[in-house]
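Remarks on the structure that follows.
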Amino acid sequence: MNIKLLALSLGGTLLAQASLACSPPPQMTPPPLPAGLDGRLPVTYPDKDPNFPYIPPVSNGQCPVQLERYTNQASLPGLNDAETDRVYGAANPLTPVWDAGKVYNTGDLASLDGITYKAKWWTQNEKPGQAWGAWEVQSSGNQGAGPQPWSSSKAYSGGEQAAFNGRIYQAKWWTQNNPPDQAGSPWEDKGALPVSSTSRPPQFSAQINRQADGSLKASFVSPQTVYLITFTEKVGAACRTEVHVDTSSTGLPTPVTMLERWEVRIDGKVVSSLPGPQAIRTPSVLPPAPRYLPSNPDGSCSVAEGTVLSKTTHPNGMVFVANTDISASNAAGNYASVWLCNGDACRPSTLLAKYRFAQPIWP
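Those letters in the sequence shown? Residues -21 to -1, 1 to 342, by mature numbering (1 follows the signal peptide of the UniProt record, and there is no 0).
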């Protein structure tokens, strides 16, 4: 008898028996989704452990498989306008979100980042909020709610008011495309802006971390680009550079959307509701300092006057930041979400499957 063939046959038989004997890992059945709006949110899972995957040892007859594991922390992105519209469905109180592919005629309305705009003429694929563009901020859907967000594309007469960075400003004379908070601007600060109950909060990102005792730490951050600053460094007289600061050529100034409150929900129920934090101004980038350039042997400048040496654009913005603790008893449940709200107008995060914290991931 061929010993080698016998050994191969025996080895194959044992391998087949082992394959039949092992059993796949148990599959986890997801708990039912919450009732109401939370049940319509897209589901996300905790962050994955970067130290995995690995191949665990075979035990108790289970088959060897590649394994990953979730951590005890999770990142939850806030939904954009289109996603929020789908969650609310027909109950959504806001104007339909702007669609780049849609044709808009004069007078048509569209919303973007919680602000309603009206088309001044026929337009398509022109994003609202651009200076000198086809859109202007529309106030008819928000009458009686106070000054509307400042718009770079709108012309303001003396005495008109606008909301900007959480403040009310009044135009001293006719003006257009001049941010109200700039030194020497044609605007007068009239005090803090009351929170509107119809303005959808800004986009944000949230974080939820589970603690050893089962409690949760929840936080969110919402950066706000107020406008863009462009620094243009040119060669001036006497071979010395000059820096020109421009806040109007970019055409992208945007108002800060205020925030009334933020909520943490477990299985669709509010377990924490806190007042919205004040917007904090983020540090602005300083313009480059003037400098002297090398001269030629005859004393003339090595670079012609008026030559542009550099041109850089930086965001000048504000940020909402807040955090809270949820006790273990209030945190008990399967799903979690974070909501930012102004009255009934809210923007939710994705729905976190928190029951998967620190759980293995089987293929």
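The beta carbon of each residue, even a glycine, is placed where N, CA and C say it ideally should be.
- By the beta-carbon neighbour count (other beta carbons within 10 angstroms, threshold 16), G138 is exposed.
- Under the 10 Å beta carbon count, G285 is surrounded by fewer than 16 other beta carbons and is classified as exposed.
- Scanning its chain for C-beta atoms nearer than 7 Å, with the 5 sequence neighbours on each side dropped, one finds around I305 the residues S194, L195, A197, V243, V250 and S251, in chain order.
- About 6 Å separates the beta carbons of P256 and V300, which is inside the 8 Å limit, making them a contact pair.
- With a threshold of 16 other beta carbon atoms within 10 Å, L319 meets it and is buried.
- Distance from the CA of K290 to the CA of H223, rounded to the nearest whole angstrom, comes to 9 Å.
- N30 has its alpha-carbon roughly 42 Å from the corresponding atom of D78.
- For G163, the secondary structure class from DSSP, reduced to helix, strand or coil, is coil.
- Classified as buried, G108 has 16 or more neighbouring CB atoms from the shown chains inside 10 Å of its CB.
- Per the C-alpha coordinates, the member of V116, Q161 and F183 positioned closest to N59 is F183.
- By the Cβ neighbour-count rule, Q161 is exposed, with fewer than 16 other Cβ atoms within 10 Å of its own.
- Leaving aside the five residues that flank Y135 on each side, the residues in its chain whose CB is nearer than 6 Å to its CB run, in chain order, A150 and T154.
- In the DSSP assignment, E62 falls within the unbroken alpha helix (DSSP H) covering D60 to Y67.
- Straight-line spacing of the CA atoms in P10 and Y334 works out to 9 Å.
- Sixteen is the threshold: when 16 or more other Cβ atoms of the shown chains lie within 10 Å of the Cβ of Q127, as they do, the residue is buried.
- The beta-carbon separation of T292 and T220, rounded to 18 Å, does not stay under the 8 Å limit for a contact.
- In the same chain as T85, and ignoring 5 residues on each side of it, the C-beta atoms closer than 7 Å to its own belong to A98, K99, W100 and W101, in chain order.
- Taking each of T8, P266 and P21 in turn and checking the Cα distance to P327, the smallest one comes out for P21.
- The C-alpha of L330 is placed about 18 Å away from the C-alpha of P181.
- The continuous alpha helix (DSSP H) containing S308 extends over residues A307 to A310.
- According to the DSSP secondary-structure assignment, Q186 is paired through a beta bridge with S54 and S198.
- Judged by DSSP secondary structure, Q149 falls within the beta strand (DSSP E) whose first and last residues are R146 to A150.
- Rounded to the nearest whole angstrom, the CA to CA distance from V82 to Q103 is 5 Å.
- Taking C-beta atoms as the reference points, W341 and L46 count as a pair closer than 8 Å.
- In this structure, the beta-carbon distance from S178 to N321 falls below 8 Å.
- Taking C-beta separations shorter than 6 Å and ignoring five residues to either side along the sequence, the partners of G15 in its chain run G247, following chain order.
- Closest option to D225, judged by alpha-carbon separation, among N313, N156, L91 and L272: N156.
- Rounded to whole angstroms, the separation of the alpha carbons of A191 and V116 is 49 Å.
- Excluding the 5 residues flanking it on each side, L91 has same chain C-beta neighbours closer than 8 Å at D60, V76, W77, K106, P107 and G108, in chain order.
- Residue range K248 to P254 is occupied by the beta strand (DSSP E) that includes P254.
- Taking a 10 Å sphere around the C-beta of D277, we find fewer than 16 other C-beta atoms and assign the residue as exposed.
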